[in-house]
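Report on the following structure.
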Amino acid sequence: QVHVVESGGGLVQAGGSLRLSCAASGSIFSIYAMAWSRQAPGKQRELVATITSGGSTSYADSVKGRFTISRDNAKNTVYLQMNGLKPEDTAVYYCNAQISPRVFWGQGTQVTVSS
Numbered sequence: 810q811v812h813v814v815e816s817g818g819g820l821v822q823a824g825g826s827l828r829l830s831c832a833a834s835g836s837i838f839s840i841y842a843m844a845w846s847r848q849a850p851g852k853q854r855e856l857v858a859t860i861t862s863g864g865s866t867s868y869a870d871s872v873k874g875r876f877t878i879s880r881d882n883a884k885n886t887v888y889l890q891m892n893g894l895k896p897e898d899t900a901v902y903y904c905n906a907q908i909s910p911r912v913f914w915g916q917g918t919q920v921t922v923s924s
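Each number in my numbering comes from the position in the sequence shown (counting from 1) with 809 added on.
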């Protein structure tokens with residue numbers, strides 16, 4: 810079992826920045842693929858960004874150039890730096906750890922962007 814805990818959400822004005830953190834348990838964190846997803850009210854969960862064990866990243870088109878995913882294996886933590894936030898970025902943001910074939914989810918952290 811891998812425990813995943815997100816933090817760093819909050820209320821920010823449009824154009825502002827937030828950094829989300831995601832801590833995952835386990836001594837083999839470095840081999841986990843990690844990802845951030847988000848779910849806005851009334852919408853399906855959307856994949857936002859991923860980072861492999863080797864550090865390769867990918868992003869949804871809607872956040873490219875504004876969001877950056879990174880990881881610190883020494884701290885068992887993955888980050889999502891969010892710049893240029895827009896009201897449409899408002900959602901609950903979820904982190905997951907992937908150890909194929911299993912995926913472990915956190916409880917989510919709320920991000921609200923006011924216009």
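For every residue, glycine included, the Cβ atom is placed at its ideal position computed from N, Cα and C.
Nearest CA to the CA of residue 923: which residue from 813, 812, 819, 823?
823
Determine the closest residue to residue 818 out of 837, 903, 914, with distance taken between C-alpha atoms.
903
Give the straight-line distance between the Cα atoms of residue 892 and residue 906, rounded to the nearest whole angstrom.
23 Å
Those residues which DSSP pairs with residue 907 across a bridge
842, 912
Could you give the first and the last residue of the continuous beta strand (DSSP E) run that contains residue 919?
918–923
Residues near residue 876 in its chain [Cβ-Cβ closer than 7 Å; skip 5 each side]
857, 858, 868, 889, 890, 891
Give me the DSSP bridge partner(s) of residue 813.
833
Residue environment, residue 820, which counts as buried when at least 16 other CB atoms sit within 10 Å
exposed
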